[in-house]
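Please read the structure below before turning to the comments.
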Amino acid sequence: MRLLTNTLTPPLLSCLVVSLFCVGSARAENLLDAYQAAFDSNPQLAQAKHQLEANKELRPLANSAYLPHVNAGADAGRNRSYISPLIAGGSPTQGVFPTDAYSVTLSQAIFNGQALAAMGQADDLIRASEQQYLSAQQVLVRQVTVAYFGILQAQSQLTVANEAEKLLRNIKEQAEENLRVGTGDIISVNEAKARWQSALADQINARNRLSISYSQLQRVTHQPDIKSVADLKEFTPLGPSPDDMEQWVNQALANQPLIHQAEEQVKAAQAQEEINRRARWPVVTLNGVGAHIRGQTFPDLTTNQAGAILSLSIPLIDGGQISAQVGQAHSLERAQEDQLNNVKDQVTLDTRQAFLDLKNSVASYEAARATLESAKLSLEGTRAGFGIGTRSMIDLLTTATDYIQAESTYFNARYQQILSRIELKFAVGILNDQDITAINQLLSEKHS
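Those letters in the sequence shown? Residues 1295 to 1742, by the numbering used here.
Structure, rendered in structure tokens:
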């Protein structure tokens, strides 16, 4: 198992690789098909992507506070005026006169401490969203793999249940025949019948689990017509490499996107505290205006003016508002730091658990395979002994049940070995679509 970086390439980026597996878009018959379908339609991934796109607009929004703001205005109308004569004996001026006005105003920030801090906060929030999107991609890889192998596990359990029903039915019929000819007993018949009926119930349960498993994959991929999936070929079980738990933990602390997201959220909270603190700082703004006015004071009197003002504003008394906002932001920053520590603790725990689970999955797989071989030999030996009268019907039922259980355990261990590899990489934060490709190569052409 390789240690990978925490970068996810777009799924199926290489057409040479993809074309080997993408037969059609209507059915997810292997893991790559399922992942491609899920990547294109998953609402959680789309939500994280759109959130990232929205947060990327925070940077131009923050920059806008330091860019010129220019506004234009205009109005036109008619005024009815009566103006007394300005000199004795003169005639008054009266009538309806046209009036209009045009203006352009400019506002340019010269110094604004809060706006400067907001620019840095925007970058923090964008980086947090990028890590959230990366995490959502890794969650999707895990979801698809778990759902896909859930079908394989359920299908294997249905196969075991069908074999168990057939095996126990044959034993029941043999017990009934022995009772009929006088070489058996009613206790053996009842025991055989009870185990066969239990096998019938297991069949129904296995069919239901398989149906639910298909529904789970269909939900993840949004493909309602998935009817079969490629099964797993023979493979060599692999444990964690390197076989060093602390190295995997260090990898997780360095690569897990959930940790990076929490770190950026701490930085954003620190920036918010600084923004609130800078509310006490002076704000310097350059304001300019140019205007043309005609007919508003006297008919046909035109006024053209232009001017610039450098303004300074400093809050003197705010009723404690700024202090309260700073205190609130500081507490929220501490809360984000606590969240970061909690995420680190959880990632460490998850990585240790996944590391041990992967190591255990190798031993469990080997043990389950050996147990199955032993149970098969034991069943064959008991059958032979029953045929010559050295073993009882109860012995045969017991060894048959042991064989069925061993087969069920083997299939679970087989698929869990692959899932344990995924779980460790997911815990560390290095799971990506290359792992989907690698696992897909372990699948056969035969569909379940």
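Ideal Cβ placement from N, Cα and C applies to all residues, glycine included.
Beta-carbon proximity of residue i to residue j, cut-off 8 Å
i: L1643; j: Y1704; result: no
i: S1443; j: Y1709; result: In the sequence on display, residue 1443 carries Phe and not Ser. For F1443 and Y1709, yes; Cβs fall inside 8 Å.
i: R1572; j: T1393; result: no
i: R1489; j: L1691; result: yes
i: A1409; j: A1356; result: yes
i: I1608; j: N1581; result: no
i: Q1426; j: Q1555; result: yes
i: N1549; j: Q1619; result: no
i: Q1510; j: I1520; result: no
i: A1332; j: T1515; result: yes
i: N1336; j: L1434; result: yes
i: I1716; j: L1725; result: yes
i: T1579; j: S1401; result: yes
i: F1730; j: L1461; result: First, the amino acid is wrong: residue 1730 is Ile here, not Phe. Their beta carbons are not under 8 Å apart, which means I1730 does not touch L1461 by this criterion.
i: L1736; j: K1527; result: yes
i: S1507; j: A1448; result: yes
i: L1473; j: I1480; result: yes
Where residue i falls: helix, strand or coil (DSSP)
i: R1685; result: coil
i: G1318; result: Note that G1318 scores a pLDDT of 37, beneath 50, so its modelled location is shaky; the value from the coordinates is reported in the next line. Coil at G1318, not helix or strand.
i: P1354; result: helix
i: A1721; result: helix
i: G1371; result: strand
i: S1397; result: strand
i: L1737; result: strand
i: T1530; result: coil
i: L1610; result: coil
i: S1535; result: coil
i: I1716; result: helix
i: I1603; result: strand
i: I1520; result: coil
i: I1381; result: coil
Residue i, enclosing alpha helix (DSSP H) - first and last residue
i: D1727; result: 1727-1734
i: I1481; result: 1480-1515
i: G1414; result: 1407-1475
i: E1569; result: Correcting the residue type first, residue 1569 is Ile in the shown sequence and not Glu. Note, I1569: alpha helix (DSSP H), 1551-1571.
i: L1326; result: 1325-1335
Where the beta strand (DSSP E) through residue i begins and ends
i: I1361; result: Checking the sequence shown, residue 1361 turns out to be Leu, not Ile. L1361 -> no beta strand (DSSP E), and no H or E assigned at all.
i: D1525; result: 1524-1526
i: L1580; result: 1577-1588
heavy atom of the ligand GDP below 7 Å from residue i C-beta
i: A1455; result: No copy of the ligand GDP appears in this structure; indeed no ligand is present at all.
Assigned exposure category for residue i - 16 Cβ within 10 Å defines buried
i: L1606; result: exposed
i: G1723; result: buried
i: S1738; result: exposed
i: F1315; result: Only weak support is given to the placement of F1315: the predicted model assigns it a pLDDT of 33, under 50, and the question is left unresolved by the model.
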